[in-house]
Amino acid sequence: MLPHLRSGMKSFLKLSLGLNFLLCVYTSAAEINVYSHRHYDSDAILFKQFTKKTDIQVNVVKGSADQLIQRLITEGKNSPADVLLTVDAGRLHRAKAAGVLQPIKSKILLGNVPNSMRDPEGHWYGMTVRSRVIVYSKDRVKPSELSTYEDLAKAEWKGRVVARSSSNIYNQSLLASIIAAHGKDKALAWAKAVRKNMVRAPRGSDRDQARAVAAGLADVAIMNTYYLGILANSSVAADRDVAGKVGVFFPNQEDRGAHINVSGGGVTASAKNKKEAIQFLEFLTSAKSQETFGKVNYEYPVKINKNQSELLKSWGKFKADDVNLSILGANNSEAVKLFDLAGWE
Amino acid sequence: MAAYVINIAQNCLRCIKHEFHFKLNAWTISALVLGLLLFLPMAEVLWHLTMPAESWKHLRDTVLGQYIKGSLILVFGTAILSVILGVSSAWLVACCEFPGRKIFEWALILPLAIPTYIAAYAYFDLLDKLNPLLIWIRLNVSTEAMTLMSDTIVYPVTIIVLTSVLYPYVYLVTRAAFTRQSNQCIEAARTLGHGPHSTFWRIALPLARPAIVGGVSLVIMETLNDYGAVKHFNIPTFTTGIFRTWLAIGDLPGALRLAACLMLLILFLLILEKWLRSGAKFHKNSQSDRPFKRYKLDKIKSFFAIICCLLPLIIGFVLPLSRLVYWASQTIENVFDATFLTLTSNSIAIAATASLITVLLAIFLTFTSRYFGSLIINATNRLAILGYAVPGAVIAIGILILAKQVNISTGWVMTGSLSMLVLAYVVRFLAVAWQPIDSGMERNCEQINNASRSLGSTAIQSLTQINIPLLRNGLVAAGLFVFVDIMKELPLTLILRPFNFETLSTKTFDLAQQAQIPESSIPALCIILVSLLPLIWLNRQIRHNEK
Numbered sequence: 000m001l002p003h004l005r006s007g008m009k010s011f012l013k014l015s016l017g018l019n020f021l022l023c024v025y026t027s028a029a030e031i032n033v034y035s036h037r038h039y040d041s042d043a044i045l046f047k048q049f050t051k052k053t054d055i056q057v058n059v060v061k062g063s064a065d066q067l068i069q070r071l072i073t074e075g076k077n078s079p080a081d082v083l084l085t086v087d088a089g090r091l092h093r094a095k096a097a098g099v100l101q102p103i104k105s106k107i108l109l110g111n112v113p114n115s116m117r118d119p120e121g122h123w124y125g126m127t128v129r130s131r132v133i134v135y136s137k138d139r140v141k142p143s144e145l146s147t148y149e150d151l152a153k154a155e156w157k158g159r160v161v162a163r164s165s166s167n168i169y170n171q172s173l174l175a176s177i178i179a180a181h182g183k184d185k186a187l188a189w190a191k192a193v194r195k196n197m198v199r200a201p202r203g204s205d206r207d208q209a210r211a212v213a214a215g216l217a218d219v220a221i222m223n224t225y226y227l228g229i230l231a232n233s234s235v236a237a238d239r240d241v242a243g244k245v246g247v248f249f250p251n252q253e254d255r256g257a258h259i260n261v262s263g264g265g266v267t268a269s270a271k272n273k274k275e276a277i278q279f280l281e282f283l284t285s286a287k288s289q290e291t292f293g294k295v296n297y298e299y300p301v302k303i304n305k306n307q308s309e310l311l312k313s314w315g316k317f318k319a320d321d322v323n324l325s326i327l328g329a330n331n332s333e334a335v336k337l338f339d340l341a342g343w344e
Numbered sequence: 000m001a002a003y004v005i006n007i008a009q010n011c012l013r014c015i016k017h018e019f020h021f022k023l024n025a026w027t028i029s030a031l032v033l034g035l036l037l038f039l040p041m042a043e044v045l046w047h048l049t050m051p052a053e054s055w056k057h058l059r060d061t062v063l064g065q066y067i068k069g070s071l072i073l074v075f076g077t078a079i080l081s082v083i084l085g086v087s088s089a090w091l092v093a094c095c096e097f098p099g100r101k102i103f104e105w106a107l108i109l110p111l112a113i114p115t116y117i118a119a120y121a122y123f124d125l126l127d128k129l130n131p132l133l134i135w136i137r138l139n140v141s142t143e144a145m146t147l148m149s150d151t152i153v154y155p156v157t158i159i160v161l162t163s164v165l166y167p168y169v170y171l172v173t174r175a176a177f178t179r180q181s182n183q184c185i186e187a188a189r190t191l192g193h194g195p196h197s198t199f200w201r202i203a204l205p206l207a208r209p210a211i212v213g214g215v216s217l218v219i220m221e222t223l224n225d226y227g228a229v230k231h232f233n234i235p236t237f238t239t240g241i242f243r244t245w246l247a248i249g250d251l252p253g254a255l256r257l258a259a260c261l262m263l264l265i266l267f268l269l270i271l272e273k274w275l276r277s278g279a280k281f282h283k284n285s286q287s288d289r290p291f292k293r294y295k296l297d298k299i300k301s302f303f304a305i306i307c308c309l310l311p312l313i314i315g316f317v318l319p320l321s322r323l324v325y326w327a328s329q330t331i332e333n334v335f336d337a338t339f340l341t342l343t344s345n346s347i348a349i350a351a352t353a354s355l356i357t358v359l360l361a362i363f364l365t366f367t368s369r370y371f372g373s374l375i376i377n378a379t380n381r382l383a384i385l386g387y388a389v390p391g392a393v394i395a396i397g398i399l400i401l402a403k404q405v406n407i408s409t410g411w412v413m414t415g416s417l418s419m420l421v422l423a424y425v426v427r428f429l430a431v432a433w434q435p436i437d438s439g440m441e442r443n444c445e446q447i448n449n450a451s452r453s454l455g456s457t458a459i460q461s462l463t464q465i466n467i468p469l470l471r472n473g474l475v476a477a478g479l480f481v482f483v484d485i486m487k488e489l490p491l492t493l494i495l496r497p498f499n500f501e502t503l504s505t506k507t508f509d510l511a512q513q514a515q516i517p518e519s520s521i522p523a524l525c526i527i528l529v530s531l532l533p534l535i536w537l538n539r540q541i542r543h544n545e546k
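Structure follows, in structure tokens:
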């Protein structure tokens, strides 16, 4: 047994040493280390293009943004990360508040990213835009019946609404925007009423909400636009059917506009490769990269009007809520607590 | 009365003196230090309980009740269903004779290769399949009835999904217990005129109680630990609550308090387990040389026996696996590439390294505690194995806090290194290796150790020449159990993995997070396949030991 164990141990050690060695090789060239929450194919494509163009290696740790931010806090000034990429301004705000991002100035970034889509002090810059809209059954709902998010709280929608869990940050930001528009009490009343109108306890992804509408379980769903793009271009026939059965409605066009949010990134406070990190953000917000985000991941570019994707064009132009996105971040934990109070799981 | 108290106090004092005078040596001191080190991440979590948690009042007033309710429903549902499935199939396989019995004997443990989150992904659309029923209820009964139905149905569905891959824990230990008894007790019952029915209810089941309780406690811990499946079905439980409070509300102390509540709940269950097992210390009796004659079932009974064994197997293995294989065949062109080789070798290398270290530590700790009969080491060992009762995410938080303190004081960044991840695995899974090694030493080595000591052997001689050779198969088995557990592990790996380091489980989760569940089937299948071989070997080994 013992010689057995010994030889086994040797080979394990070799294996793990080999792994460490591989990691070291990776980190020897010009490089940036990226913590990313984004799990999309578009990003992998763009990272490759960036390396090809600049000869800078992109090392990525993917993970949930909140955990990555926690990790940045833990690692402090010794963190190896140069860039944090995440979805939702709420999280970008959280990262800024935690002190893990540093302000950067770049003429190119200022040109690429409109005012409302970036942190006023330059801690983070938006990269893509998504709108949280009402998706309706083409069979059972006329677009004229729909108007605003607030309208979904009315009794006529009882047993007709589906939405995902309040643990999801997209919902938290939506409620944060309603807090910004109407105040805490009205936001709570809204969440309570919408939860009562739901046909089932919230569960599943945004895509599952569209599926529930297509299956006839519900009539309207609250979800992000780009998920419909993914469904419409899915390799699974059933998903393409779902996309065909539902329509997109941009709410609140008569008042503040449809709720939007960004995914974006910033340079970490501990960045050792600051120059390369800025170059990286500039690359991601360049017109060409913005087109890739739209075509591969069906997200709007930060300059919403410059959208090139045919699918996005087919949904029509819309008015976006121009509330400063950092306010959503500030309201975030309040929104979570309101969801708890409203019983929206 | 006073004399009695003084007597007890004197006894305690004598014990402590005894510990310090006679049992301090290099072995016990290093075991003490190691045991405490492994407990450190959990101690960090408990220590943070003293910090003020701003959202605690909010949590207590709003969601705490839901978390308790959700967790308890799942725990009770899964435990009861696991006992029904595990015990009945174990009884049939161990004590009855019917066509296909030999196949079921090993096939019934196969679901162990499937992590709970992958089972949930494999059944991801199960609830959607109920949509027509729900719509029918809305049309024919009322909207309220439908909402009620759709809100409650998620619990039984989750319980079934969890049980389908967790029942083998009960099955394995109960089968072993039945086989061990069969030679003596069941034959004795038979000669005294008891039929299979009364033998089962009056002899076999009561005798197997400690084993069943042990198996169920594993099921319960796995249930409380699960994050992927409950998140998928959006059931409010402690684990989802911990993540929500930590990350969404941004209140780490609040999350740690929830984690502590969970640890208290588990502690309560462990004490309950000890109590339920109490007075039931069975020593393995001398083996009978005559093979046990199983109850022969007639045709109708055989049919039901086959159904009874097929059902868990189909729900827990055949169906999920065939769905995954189907999805894999659909998506293989898009997903499968050379990186899968790296993913698989990453997973195997880290799981193998960590399980080896875990087993070595477990041998050292159990041996030191048993050989020197030290109460203190026994206590620190029990602290060190608590990690198994703590959700992976909580251990990861503990290690992150620990790493932060090390970072501040020495500037050494521990996070993001492979050794950190390995340490976390050891903390989490030490108990898995510790339990079988400890009980093996108790059964097989204690008396021989005493004898060898009285004959003048040193501790190291006893360890290498008696304990390790005697426990050989048990050690390999313990290592393989840890290996399979690490292959399946998710939340810890997710939080602590280094740059550019993906394992099969993180890849599965990544893809499923993007709602690309069909695409996630390929890494999921790799996990299952890599786990299957050790499991089948383990099962043979266990069978061998039973006979």
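Just so you know, the sequences run in chain order F and L.
Each residue of the first sequence is one higher than the last, beginning at 0 in numbering that gives the first Met the number 0.
Each residue of the second sequence is one higher than the last, beginning at 0 in numbering that gives the first Met the number 0.
Glycine is no exception: its CB is placed at the ideal position from the N, C-alpha and C atoms.
For clarity, every value in this text was computed on a predicted model and none was experimentally measured.
By DSSP, does residue i sit in helix, in strand, or in coil?
i, result
"F:G246", "strand"
"F:T127", "strand"
"L:G214", "helix"
"F:Y299", "strand"
"L:Q512", "helix"
"F:Y148", "coil"
"F:Q307", "coil"
"L:L126", "coil"
"L:A337", "coil"
"F:R117", "strand"
"F:M222", "strand"
"L:V86", "helix"
"F:V160", "strand"
"L:L531", "helix"
"L:Y294", "strand"
"F:G256", "coil"
"L:M50", "coil"
State buried or exposed for residue i, treating a residue as buried only when at least 16 other CB atoms are found within 10 Å of its CB.
i, result
"L:W274", "exposed"
"L:M486", "buried"
"L:T238", "buried"
"L:T146", "buried"
"F:H258", "buried"
"L:L340", "exposed"
"F:A334", "buried"
Give a yes or no on whether the C-beta atoms belonging to residue i and residue j are separated by under 8 Å.
i, j, result
"L:S461", "L:R471", "no"
"F:R159", "F:D218", "yes"
"L:I314", "L:I436", "no"
"L:A112", "L:S530", "yes"
"L:P114", "L:S163", "no"
"L:L257", "L:T236", "no"
"L:G249", "L:V62", "no"
"F:V161", "F:V212", "yes"
"L:G76", "L:Y154", "yes"
Which same chain residues end up closer than 7 Å to residue i when comparing Cβ atoms and leaving out the 5 residues on each side of it in sequence?
i, result
"L:C125", "Note that residue 125 of chain L is Leu in the sequence shown here, rather than Cys. Closer than 7 Å at the Cβ level, and outside the excluded window around L:L125, lie V156."
"L:L532", "none"
"F:N32", "N58, P79, A80, D81"
Looking only at its chain, what residues have a beta carbon closer than 8 Å to the beta carbon of residue i, apart from the 5 residues adjacent to it on each side?
i, result
"L:S216", "L268, L269, E272"
"L:L422", "I398"
Name the chain C residues that come within less than 8 Å of residue i, Cβ to Cβ?
i, result
"F:T73", "Absent from the structure: chain C. Protein chains present are F and L."
Output needed for residue i: all residues of its chain with C-beta closer than 6 Å, excluding positions within five of it in sequence on either side, in chain order.
i, result
"L:R369", "M440"
**OP:** Please list the segments of the beta strand (DSSP E) lying wholly inside the stretch 25-91 of chain F, counting only runs of 3 or more residues, in order along the chain.
**Re:** 30-35, 56-61, 82-86
**OP:** Give, in chain order, every unbroken run of the beta strand (DSSP E) that is at least 3 residues long and sits entirely within the stretch 150-174 of chain L.
**Re:** none
**OP:** Could you name each continuous alpha helix (DSSP H) segment of 4 residues or more that falls completely within the stretch 359-439 of chain L, going from the start of the chain to the end?
**Re:** 374-383, 391-409, 417-439
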